[in-house]
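A.B. asks: Questions regarding the structure given below will be posed in turn.
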Amino acid sequence: MNRNEPRITPELVAEHGLKPDEYDRILRLIGREPSLTELGIFSAMWNEHCSYKSSKVHLRTLPTKGPWVIQGPGENAGVIDIGDGLACVFKMESHNHPSYIEPYQGAATGVGGILRDVFTMGARPIACLNALSFGAPSHPKTRHLVSGVVAGIGGYGNSFGVPTVGGSVRFHQRYDGNCLVNAMAVGIARKDQIFYAAASGVGMPIVYLGSKTGRDGIHGASMASAAFGDNSEGKRPTVQVGDPFSEKLLLEACLEIMQKNCVIAIQDMGAAGLTCSAVEMGAKGDLGVTLDLDKVPCREESMSAYEMMLSESQERMLMVLKPEKEKEAEAIFRKWGLDFAVVGETTPTKRFVVRHGGDVMADLPIKELGDQAPEYKRPFVNAAKPEEIRAESVHAPVGTLEALEKLLEAPDLCSKRWVWEQYDHVILGNTIQRPGGDAAVVRVEDGPKGLALTTDVTPRYCEADPFEGGKQAVAECWRNITAVGAKPLAITDNLNFGNPERPEIMGQFVGCVRGIAEACKALDFPVVSGNVSLYNETNGRAILPTPSIGGVGLIDDFKKSATIAFKRANETILLVGETTGWLGQSLYLREICGREEGASPPVDLAEERENGDFVRALILDGIATAAHDVSDGGLLVAIAEMAMASGIGAELSAAPSDIPSHAHWFGEDQARYVVTVPVERAETVLARARAVSVPVWTIGKTGGDALTLAGERPILITILRKCFESWLPAYMAGDL
Amino acid sequence: MKAAVLVFPGINRERDMARTLRLVSGREPSMVWHADKELPDGTDLVVIPGGFSYGDYLRCGAIAARSPIMDAVRAHATKGGLVLGVCNGFQILCEAGLLPGVLMRNENLRFICRDVYLRVERSDTPFTRGYNAGQVVRVPVAHGEGNYIADGETIAKLEGEGHVLFRYSSPDGMIDPNWNHNGAINAIAGIVNEQGNVLGMMPHPENHVEAAIGPTDGRGLFAGLVEALDRAA
């Protein structure tokens, strides 16, 4: 062991983010003081980001199985069967901490990382989505973060050549000190050509591929496992720098050598780089790994073993190749201009050995590095549930139409065109439904199958009631997939919370996970991959609990998919699902009344399923001409969106007498959809609904160039569009 | 039609282009690697697709323009062979000196992906014979650097000799700064060289050819090329 290293002091241990008891665990495990390199390796493997030490015990409760699930959580990405010998590979992952420090590169490398997770498994990426949360628009950093994050996501995805087809953007002061950047990637692979991380065979060459290793991103994963203080700017050197060009070459080279059957095991170098990927390949294959760092292609001179093991330089892969195919694989990599080096081999010892400059810099038990990471059952408390707010007790400060205008220009509801026009959403020529609808729809290869993709969560609901909020996030995702006519198949979850060492934050986490599990079970919508991001807090102030849900659904014929746009005048508008006028935690209450209060809307999963199955059948039977789920902003906002998407207006009946008008139009009751059908089919549809006990009402008809509510003056669609489209461009231009 | 689609490292719309050529012409194009020195025998159309060749590092198209295959493309063009460059392909053709002018960053300094309207200026070229002069077509753009500019003399020549084939316009064909998405001079979206056999354009006609996916206005360009080449053959 190299002796020229500093002594391991308690300060050094603390700097590595390890608690004293965790350090004692290391001493017990290896029976001696670790070297500095070893300490770095432990800190990389045992931080929250890589080890899930606070969340694991709860994540195990999530349903992860289903007849169509090929690979659940634990690999680079989840895999589901979509028929015809094809599989869909997908995952969502956060890049929150780096994006706050350096928004362009933070977001760009977030996209790069998740794309790598997908093509590591042998899939060609076909779509990206994202879920972004920013601080209040009035916060001085917000504009800079939006601008940088959006440019970074576009900069990487556009150059790599994958369409970014959907996502969500929200603003709330609770994200002032910690923005959230959750990126999702979706790929298609042949079902019999999925690649995994587990190495097999002793004495197999371990090959390093891709870009060279530099000093960027050292301790990135550790940074993402701590809360911010006032000095977060000082962490900029821990943010990696992305190179989408190299990644595109890496993609093509990897898919080519996979097709040529050269690969035994493959693992991308993401968080904690070489350390994490090498340990995972060995541990999963019950093998040891020896690395010779003198062989690692380096971008900078005199890099130490410690730096090489902890570098998070991007666009790198580790593979175990079939020895007889090594030359062929090397030729393919050279053709693409990428580095290729044999840097180690598999061993029978189950030890992780790192050599550098003739010295052994680390010699650790490989299984324990991963499996024996601390696991915490952190104490948690459930916050008291807010009281229900009765609609009758909420005074309407403005008229219905004025409220509608204000809601359409509210930061959370307004058009996000300014954002998604910076993403290439048409490349590959398969985008059937572009951003702006309920779910994006992309054609699978030459069709006729299509995938429906969406990301959803309503953090204010999760804050008010983590359990119901967790359920709601999954239910809304399921609903958005249903509203385009697809069958929801599986989700990836990206759980963003504050500091888990605080019982009230842990309570939010536990509640949301329970809610997600419950909804996934009830809706047959298993979790196949995911990511946990904790410590999203600054100076003790945590983000809103934000479990982003990325969902994938399948439609057998994409030509049957429904869009939100009204199609023709004089069609009947139907509302599916029960309306009680639930104003608690609604955007109406927040934006119009200035109150963030009350219990969030309860989610009845049986009702979700019945109503959703009913709507999907209407779409697939060719009866529904347009469909839209009712969510943020309530019924009138949903109808306005359908009108704006088409330029066709609507005449709407008055609110029923037993619900205050503003609660009827803006309440956020769940499990609801607005559907249009040709007039002559309306009776049949109502009868069909009665037969399966799904509540459906006729609420108006399409036509004209305005929305007309009984008893109100008509409001032109052009005016609605102006409200809807103006806020974000004006804000980003600095005009607001 | 015997099309060859060039593939440079970092090009990413080559599959879109190949699919479109196949759908419209019924023939699979050859994919030609940048390091090759020759085009396949009988190539009658060279297509340089969109993407980010060499990551757009240095300058968009600058490195690709110096690839070995570009000498063969130059020779093909000199003999009067047809060359179509879309998006990054347009940038590469400018950098290679096959077309005049340059493409600067979009006026708003942001990447723009949206459907745009193009007014077709002439229909008497092999690239636009599938359209009528004055016709407005809807196709997507997806670029960060599509703001065309050249010196005054070059622009005067392009305009005077009818080398501008496509301009950004309003849906009813008016040239209007509000519809000139990237700030290009004279709303120029696509130009041909003096001989009329090399076209560079920023928008992506190849992404609008299938009715099942959306508008099909891009089809005319490829259908016209097929017709022109089949007549020549």
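Chains A and U, in that order, are what the protein sequence lines are.
When the first sequence is numbered by the numbering used here, its final residue is 736 and no position is left out of the sequence of numbers.
When the second sequence is numbered by the numbering used here, its final residue is 969 and no position is left out of the sequence of numbers.
Ideal placement from N, C-alpha and C gives every residue a C-beta, glycine not left out.
For Asp-752(U), go through chain A and note every residue whose CB falls closer than 8 Å to its CB, in chain order.
C.D. replies: Ile-427, Leu-428 and Gly-429
A.B. asks: If you measure beta-carbon to beta-carbon, which residues of the region 873 to 905 of chain U are closer than 7 Å to chain A?
C.D. replies: Pro-876 and Ala-878
A.B. asks: Nearest by alpha-carbon distance to Asp-21(A): which of Leu-36(A), Trp-46(A) and Thr-37(A) is it?
C.D. replies: Trp-46(A)
A.B. asks: Under 7 Å, CB to CB, which of the residues in the region 820 to 851 of chain U have a partner in chain A?
C.D. replies: Arg-846, Phe-847, Ile-848, Cys-849 and Arg-850
A.B. asks: What residue range is occupied by the uninterrupted alpha helix (DSSP H) comprising Cys-414(A)?
C.D. replies: Premise fails: Cys-414(A) is in no alpha helix (DSSP H) and is neither H nor E.
A.B. asks: Which residue or residues does DSSP assign as beta-bridge partners of Pro-73(A)?
C.D. replies: Beta-bridge pairing by DSSP links Pro-73(A) to Glu-75(A).
A.B. asks: Going straight from the alpha carbon of Met-642(A) to that of Tyr-461(A), what length do you get?
C.D. replies: 25 Å
A.B. asks: Considering only heavy atoms of the ligand NAD, does any lie closer than 7 Å to the CB of Asp-632(A)?
C.D. replies: Absent from the structure shown: the ligand NAD. Ligands present: none.
A.B. asks: Could you give the residue range of the beta strand (DSSP E) that holds Asp-912(U)?
C.D. replies: Note, Asp-912(U): premise wrong, no beta strand (DSSP E); not H, not E.
A.B. asks: Suppose contacts are defined by Cβ-Cβ distances below 8 Å. Is Ile-332(A) in contact with Ile-257(A) by that definition?
C.D. replies: Yes. Within cutoff.
A.B. asks: Among the candidates Val-353(A), Ser-159(A), Ile-427(A) and Gln-472(A), whose CA atom is the shortest distance from the CA of Gly-282(A)?
C.D. replies: Per the Cα distances, Val-353(A).
A.B. asks: Is Ile-389(A) helix, strand or coil when you go by DSSP?
C.D. replies: coil
A.B. asks: With H, G and I counted as helix, E and B as strand and the rest as coil, what does DSSP make of Phe-333(A)?
C.D. replies: helix
A.B. asks: Kindly list the residues whose CB is nearer than 8 Å to the CB of Gly-960(U), restricted to its own chain and excluding five residues on each side of it in sequence; keep chain order.
C.D. replies: Pro-862, Phe-863, Thr-864, Arg-865, Gly-866 and Tyr-867
A.B. asks: Pull up the distance between the alpha-carbon of Gly-74(A) and that of Ser-529(A), whole angstroms please.
C.D. replies: Distance between the alpha carbons of Gly-74(A) and Ser-529(A) is about 7 Å.
A.B. asks: For the alpha helix (DSSP H) that contains Phe-743(A), what are its first and last residues?
C.D. replies: Nothing can be reported for residue 743(A), as the shown portion of chain A is limited to 1 through 736.
A.B. asks: From Ala-964(U) to Lys-773(U), what does the alpha carbon distance come to, in whole angstroms?
C.D. replies: 27 Å
A.B. asks: Check Ile-30(A) in the structure and name its three-state DSSP category.
C.D. replies: helix
A.B. asks: Less than 8 Å separating the beta-carbons of Ile-545(A) and Ile-516(A)?
C.D. replies: Inspection of the sequence shows that residue 545(A) is occupied by Pro rather than by Ile. No. Outside cutoff.
A.B. asks: Where does Asn-570(A) land, buried or exposed, given buried means 16+ other C-beta within 10 angstroms?
C.D. replies: Per the 10 Å Cβ criterion, exposed.
A.B. asks: Per DSSP, which residues does Met-92(A) bridge with? Please list them.
C.D. replies: Assignment of beta-bridge partners to Met-92(A) by DSSP yields Met-184(A).
A.B. asks: Less than 8 Å between the CB atoms is what I'm expecting for Asp-371(A) and Glu-315(A), so what's the real figure, rounded?
C.D. replies: Not really, about 29 Å apart at Cβ, beyond 8 Å.
A.B. asks: Note down the Cα distance separating Met-937(U) from Lys-406(A), rounded to an integer number of angstroms.
C.D. replies: 41 Å
A.B. asks: Our contact map puts Val-760(U) next to Val-945(U) with C-beta atoms below 8 Å; I'd like the distance itself, whole angstroms only.
C.D. replies: Rounded to the nearest angstrom, the Cβ distance from Val-760(U) to Val-945(U) is 6 Å, consistent with a contact under 8 Å.
A.B. asks: Strictly under 8 Å for the Cβ-Cβ distance: is Lys-248(A) near chain U by that measure?
C.D. replies: Interface criterion met: the Cβ of Lys-248(A) is under 8 Å from a Cβ in chain U.
A.B. asks: Find the nearest neighbour of Ile-747(U) within the set Val-838(U), Gly-821(U), Arg-763(U) and Glu-764(U), judged by alpha-carbon distance.
C.D. replies: Gly-821(U)
A.B. asks: Specify the secondary structure class of Trp-769(U) as computed by DSSP and reduced to three states.
C.D. replies: Trp-769(U) falls in the strand class under three-state DSSP.
A.B. asks: Hey, does Phe-788(U) have any beta-carbon neighbour from chain A nearer than 8 Å?
C.D. replies: True, the Cβ-Cβ gap to chain A drops below 8 Å.
A.B. asks: Taking all protein chains shown into account, do 16 or more other C-beta atoms lie within 10 angstroms of the C-beta of Gln-259(A), making it buried, or fewer, making it exposed?
C.D. replies: Taking a 10 Å sphere around the C-beta of Gln-259(A), we find fewer than 16 other C-beta atoms and assign the residue as exposed.
A.B. asks: Contact check, Ala-136(A) vs Asp-192(A) under 8 Å by CB: the rounded distance?
C.D. replies: Not quite, the Cβ-Cβ distance comes to about 50 Å (not below 8 Å), so this is no contact.
A.B. asks: Beta-carbon separation of Tyr-904(U) and Val-852(U) under 8 Å?
C.D. replies: yes
A.B. asks: Taking Glu-683(A) as the reference, which of Gly-470(A), Ile-573(A), Ser-646(A) and Gly-581(A) has the closest Cα?
C.D. replies: Ile-573(A)
A.B. asks: Please name the residues in the region 203 to 217 of chain A whose beta-carbon is closer than 7 Å to at least one beta-carbon of chain U, in chain order.
C.D. replies: none
A.B. asks: Starting from Asp-292(A), trace the beta strand (DSSP E) both ways and give me its first and last residue.
C.D. replies: 288 to 292
A.B. asks: Which whole-angstrom value describes the C-beta separation of His-356(A) and Asp-294(A), a residue pair presumed to lie in contact below a C-beta threshold of 8 Å?
C.D. replies: 6 Å
A.B. asks: Considering only residues of the same chain and omitting the five flanking positions on each side of Pro-503(A), which have a CB-CB separation below 6 Å?
C.D. replies: Pro-379, Phe-380 and Val-381
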